[in-house]
Amino acid sequence: MNGKRIIAYFLFALLSIKMLLVPFVYLDFELRKEFIIKNLCENRFKPELHCDGKCYLAKQLTKVAEGHAREEAQKQQDTFKKITQEVFDELTFVFLPVQMTNAERVLNTHYLPPITSEFTTTLLRPPAALS
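For the sequence shown, full-length UniProt numbering begins at 1 and goes up steadily by one.
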């Protein structure tokens with residue numbers, strides 16, 4: 001029971017660190033603010049801009065956000081691959097040879113040639129005069 005509890009605490013700590021990554025970036029910025037302003041700030045030679053290391057903080061936050069986005073995209077891609085593999089591994093495609101037979105012909109009147117008949121020429125004649 002004690003081993004399970006240690007594993008549970010360890011996993012909880014890992015999840016907490018992952019969730020608290022952005023607050024850790026802010027904490028790091030606040031604790032090392034003077035060092036960042038003097039050495040790491042892009043605008044350290046332009047004090048009139050009053051950047052005060054915010055450019056460095058913005059870079060760090062975008063780096064963390066891009067890392068999260070990349071991880072999420074990778075997770076989605078892996079999930080999609082896993083699902084497609086599970087679906088298509090179960091399916092087996094068997095191509096059987098097709099045998100052509102002339103057993104029955106299905107007539108389709110749309111594709112038949114027009115029927116020629118003498119009926120229309122004998123029907124449409126004027127009446128003969130009786131004398």
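Even glycine gets a Cβ: it sits at the ideal position worked out from N, Cα and C.
No experiment lies behind these values; they were computed from the predicted model shown.
By a beta-carbon distance limit of 8 Å, phenylalanine 29 contacts isoleucine 36. Their separation comes to about 7 Å. With a contact defined as Cβ atoms closer than 8 Å, tyrosine 56 and leucine 40 qualify at about 5 Å. Judged by DSSP in its simplified three-state form, proline 126 adopts coil rather than helix or strand. At least 8 Å separates the beta-carbon of valine 64 from that of leucine 15.
Under the three-state reduction of DSSP, asparagine 43 is assigned to coil, being neither helix nor strand. A residue is called buried when at least 16 other Cβ atoms come within 10 angstroms of its Cβ; glycine 53 meets this threshold and is buried.
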